[in-house]
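Just so we're aligned: the sequence shown equals residues 1 to 341 in the working numbering. See below for the structure under consideration.
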Amino acid sequence: MKLKNGGSAVAGIVLATCLSFPIAFAQAVKPVAAAATPAAATVLPLYATVNGKPVTQAEFHSAYATFLRQKFYHGQVPQEQLVQARKEVSDKLIDRILFLEEIERRGIAADSAEVEKQIQVYDQRYASNPNWQKSREAMLPGLRQQLDQQDRLSRLEQVVRDVPAPSAEEVKAFYAARPALFTEPEKVRLHTILLAVDPSSAQPVWDAAMREAEGIVRRIRGGADFGELARMASKDGSAEQGGDMGYLHRGMLPEALQAKVDQFKAGEVSEPIQMLQGVGVFRLDDRIPPKLQEFSRVAERAADLLHRERKEKAWQDLVVKLRGTASIVIHEPPAAPASAK
């Protein structure tokens with residue numbers, strides 16, 4: 001949508017308002033457009049109808065393009081993620097209509113004072129923007145309507161997620177049923193010597209680093225001090241500590257290296273290992289197996305996790321219920337932009 005006096009740049013303000021809320025998405029400039037041309041929506045090509053309410057292809061394109069710009073800000077969208085991105089945008093557009101209908105059924109009103117406060121924020125943020133100053137009066141009805149909707153949507157979410165805190169017995173049962181959530185992962189203590197190699201280096205450079213690392217391994221196995229060699233040769237940040245990397249939780253190491261470390265025995269010095277940043281030599285000093293934390297230590301966290309899980313379930317249950325009872329028709333999917341540019 002374009003506004004007079006260069007206002008098209010300002011139209012994104014309303015769209016940004018919608019996208020800033022977790023349960024709200026999109027029909028960003030629809031209120032302004034509808035006010036100007038009330039009959040237009042009846043002739044525009046449709047993307048979907050939700051309980052008889054239209055979602056135009058233009059609205060879908062606008063929401064989709066904004067979604068891509070925000071999620072893939074670098075402008076390059078992985079092709080394999082495009083289908084999922086389209087579905088996510090479609091779901092949000094549909095859910096927004098269903099949520100707004102639910103708000104009407106529940107009689108949830110917006111906090112008008114909060115809405116006006118948000119408008120003041122826009123006035124302050126764009127006080128020096130000439131486009132905002134020229135287009136403010138034209139934008140204001142649509143912006144106020146969107147902010148009103150966002151406030152009501154937020155209140156709906158608060159109401160739905162307001163579930164009782166779990167009892168002590170329920171928390172204990174949750175702890176017993178989900179031990180993985182409360183288990184400290186395995187930890188290993190490693191020493192390393194890293195011979196740094198630029199990833200773009202030619203093969204002879206890598207071969208030379210590998211031969212140097214093989215010589216270091218022979219010296220260590222022959223009795224040389226690992227820490228001293230690390231201080232002399234290593235380019236890892238642990239060099240000043242004699243190559244001591246400290247205790248590392250599972251998941252902190254690259255998967256390929258972790259797979260090799262899993263095979264190490266305590267005190268063992270590895271063969272040279274080629275990695276992205278160079279060639280490394282490692283020594284495993286200690287391995288602490290996974291340990292289930294005592295309930296008394298994690299009771300508060302368990303209660304919080306269970307409460308959050310139930311809040312999310314309450315919200316998802318509402319989504320499933322609304323979709324299950326709605327009449328949703330997706331028309332021929334429009335061709336959508338494949339780039340966030």
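Every residue gets a Cβ at the ideal spot worked out from N, C-alpha and C, and that includes glycine.
For residue j and residue i, believed in contact at Cβ under 8 Å, the rounded distance
i    : j    : result
K235 : A196 : 4 Å
L194 : Q274 : Not a contact, Cβ separation roughly 11 Å.
R221 : D286 : Contact doesn't hold; Cβ gap of about 20 Å is too wide.
V50  : I97  : 4 Å
Start and end residues, beta strand (DSSP E) containing residue i
i    : result
D286 : G278 to I288
L46  : L46 to V50
P141 : No beta strand (DSSP E) holds P141; the alpha helix (DSSP H) holding it covers P130 to R161.
M275 : I273 to M275
Element boundaries [alpha helix (DSSP H), containing residue i]
i    : result
I108 : Counting along the chain, I108 falls outside any alpha helix (DSSP H), and DSSP gives it neither H nor E.
Q263 : First-last for Q263: undefined, no H or E at that position.
H191 : Premise fails: H191 lies in the beta strand (DSSP E), K187 to A196, not in any alpha helix (DSSP H).
V320 : F295 to T325
Nearest residue (CA-CA) to residue i, options the options
i    : options                   : result
Q258 : A127, L248 and G267       : L248
A176 : L194, D317, E294 and K321 : E294
D151 : G242, A58 and A110        : A110
R297 : F182, G142, A165 and Q70  : F182
L284 : A303, G278 and Q263       : Q263
L318 : V83, A168, D95 and R211   : D95
I288 : E114, K187, Q57 and S201  : K187
E59  : R86, Q81, Q203 and Y126   : R86
Alpha-carbon spacing of residue i relative to residue j, whole angstroms
i    : j    : result
V171 : R161 : 18 Å
Q76  : L68  : 9 Å
K71  : T325 : 31 Å
E271 : S238 : 19 Å
P141 : E184 : 54 Å
A209 : Q84  : 44 Å
A266 : T192 : 14 Å
A342 : E255 : Past the edges of the chain, shown from 1 to 341, lies residue 342, and the structure says nothing about it.
I216 : L229 : 8 Å
D244 : P290 : 21 Å
I328 : Q316 : 18 Å
G52  : L44  : 15 Å
Cβ neighbours of residue i in the same chain (closer than 6 Å, five flanking residues each side left out)
i    : result
V163 : R310, K311 and A314
Beta-carbon proximity list for residue i, same chain, < 7 Å, skipping 5 on both sides
i    : result
L305 : L181
Cβ-based neighbour list, residue i, same chain, cut-off 8 Å, excluding 5 preceding and 5 following
i    : result
I330 : Y47, A48 and S90
P166 : F174, A303, L306, H307 and R310
L253 : V261
I119 : L140, L143, R144 and L147
R301 : F182
V269 : V217, I220, R221, F226, V281, F282 and R283
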